[in-house]
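Add 13 to a position in the sequence shown, counting from 1, and you land on the number used in our numbering. Quick reminder that beta carbons are idealized off the backbone N, C-alpha and C, glycines included. The structure presented is a predicted model; accordingly, all values stated were derived computationally and were not measured. These notes are about the structure you will find just below.
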Amino acid sequence: MSLRGFKRRHLLTLLDYSREEIIRMLEVSREMKMLYYSGVRCLDILKGRTLMLIFEKPSTRTRVSLEVAALELGMNVIYSNPSELQLGRGEPVKDTIRVLSRYVDAVAARVFRHESLEEMAKYGTIPIINALSDKYHPLQALADALTIWEIKGKLSDIKLAFVGDGNCNVARSLIVIGSKLGWEVRIVGPRRYWPDEKLLRDVQEDLKKSGGNIIMTEDLEYGVKNVDVVYTDVWVSMGFESEAEERIRELSKYQVSMEVMKIAGDNAIFMHCLPAKRGQEVTEEVLESSRSVVWDQAENRLHTAKAVLALLLS
Ligand code: CP
Ligand code: NVA
14 MSLRGFKRRH LLTLLDYSRE EIIRMLEVSR EMKMLYYSGV RCLDILKGRT LMLIFEKPST
74 RTRVSLEVAA LELGMNVIYS NPSELQLGRG EPVKDTIRVL SRYVDAVAAR VFRHESLEEM
134 AKYGTIPIIN ALSDKYHPLQ ALADALTIWE IKGKLSDIKL AFVGDGNCNV ARSLIVIGSK
194 LGWEVRIVGP RRYWPDEKLL RDVQEDLKKS GGNIIMTEDL EYGVKNVDVV YTDVWVSMGF
254 ESEAEERIRE LSKYQVSMEV MKIAGDNAIF MHCLPAKRGQ EVTEEVLESS RSVVWDQAEN
314 RLHTAKAVLA LLLS
């Protein structure tokens with residue numbers, strides 16, 4: 014496995030990575046997965062280095078996949094929530110990160126405000142990895158692309174319908190990776206939940222280069238027809254709890270049911286970043302059906318996390 018030539022840097026959003034770099038991350042993820050299944054789980058690529066995780070919000074997949082990935086690469090891991098650090102008593106992010114840069118080799122952070130990550134990136138001298146912010150979830154998008162590649166046998170020419178909150182972190186990161194890889198990403202939901210103008214401007218150049226396309230529609234039937242992937246995420250993301258009632262009301266027409274999967278066509282798989290709210294954005298039947306690949310997606314979080322750490326830090 015060659016890890017050479019990859020620039021050591023932050024991963025706040027995949028907007029900062031080229032199509033070639035993203036494909037490289039996915040290729041290394043596949044190699045990590047092959048090694049894992051051939052019995053080689055532990056590699057000493059990053060022996061003696063330390064990864065720090067700072068999570069302002071709960072996490073199962075991101076936290077555990079990053080921890081296991083780091084441990085299997087030979088790293089030490091420190092986990093903390095901000096309330097256990099002086100951050101919780103008001104020490105500025107910019108001070109905290111300058112200190113941590115002197116102790117650890119990378120920080121993966123899950124934050125309410127994407128700007129907190131930008132501040133860490135500005136003042137820190139170590140790679141900062143976005144473990145989910147209100148704007149982006151790049152580690153999820155990489156695992157999703159790997160899953161699609163494995164199941165569909167291709168990385169480009171994919172039609173993906175994201176149903177529901179099209180401006181949430183997961184949808185936005187799918188738009189970014191889809192624009193790099195040349196996908197048709199359809200955002201299907203009420204106009205109020207379409208991605209913001211800035212994001213659409215940010216991906217224009219990549220769409221031109223890749224031949225990808227972003228479609229936004231309120232028409233569920235039109236939106237999911239003949240796609241490769243139907244994807245959804247919770248209607249109430251972490252940090253948006255105060256809007257729960259109106260979100261559930263406004264998005265309720267957009268539940269992914271077996272009927273929706275039927276309109277999508279026989280080739281369509283169902284994806285969800287998890288955790289899922291059964292009975293809201295997706296029915297139990299779809300989530301548990303043979304069309305659902307959510308457990309493969311979740312597994313791929315580990316292999317992609319390994320690839321990201323190995324490429325960014327070695
Ligand atoms: N998909 C995802 O990021 O899950 P967690 O919130 O459990 O990390
Ligand atoms: N959009 C969801 C993703 C959880 C992994 C949230 O931010 O809560």
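Quick one: what does DSSP say residue i is sitting in, helix, strand or coil?
i	result
K172	strand
S15	coil
T160	helix
L48	helix
Using DSSP's beta-bridge definition, name the partner residues of residue i.
i	result
E197	K172 and N226
T63	N89
With respect to the beta strand (DSSP E) encompassing residue i, which residues constitute its N-terminal and C-terminal limits?
i	result
Y30	That residue, Y30, is in no beta strand (DSSP E); it is neither H nor E in DSSP.
N143	I141 to N143
What number of angstroms, rounded off, separates the C-alpha of residue i from the C-alpha of residue j?
i	j	result
G101	D147	19 Å
D157	V240	15 Å
R32	I190	8 Å
I227	A281	18 Å
Y92	M65	6 Å
P203	G137	39 Å
P95	Q293	31 Å
M40	R74	Correcting the residue identity first, residue 40 is Glu in this sequence and not Met. Spanning the two alpha carbons is a distance of roughly 21 Å.
I110	M88	19 Å
G236	M284	16 Å
I261	S51	45 Å
L173	K46	24 Å
A311	R214	30 Å
K275	E69	39 Å
E104	V117	18 Å
E254	V124	15 Å
M271	K238	13 Å
V242	I171	8 Å
I36	L56	22 Å
S250	V216	23 Å
M229	D209	11 Å
R205	Y244	18 Å
I200	L152	20 Å
T160	R314	10 Å
R76	K222	34 Å
H150	V295	20 Å
L343	V306	Nothing about residue 343 can be reported from this structure: the residues present for the chain run from 14 to 327 only.
S302	W308	12 Å
M186	G224	According to the sequence shown, residue 186 is Ser rather than Met. Between S186 and G224, the C-alpha separation is close to 18 Å.
V299	E234	17 Å
L86	Q99	29 Å
F19	E34	8 Å
L145	W196	22 Å
With respect to the alpha helix (DSSP H) encompassing residue i, which residues constitute its N-terminal and C-terminal limits?
i	result
A78	Inspection of the sequence shows that residue 78 is occupied by Ser rather than by Ala. Note, S78: alpha helix (DSSP H), R74 to E85.
N313	V307 to L326
L25	No alpha helix (DSSP H) holds L25; DSSP gives it neither H nor E.
K211	E210 to D215
V53	Element bounds for V53: n/a, residue is neither H nor E.
E298	E297 to L300
For the region 230 to 294, which segments carrying the beta strand (DSSP E) assignment without a break, of at least 3 residues, lie completely within its bounds, in sequence order? 242 to 245 and 282 to 285
What residue ranges within the region 114 to 139 form continuous alpha helix (DSSP H) runs of no fewer than 4 residues, ordered along the chain? 127 to 136
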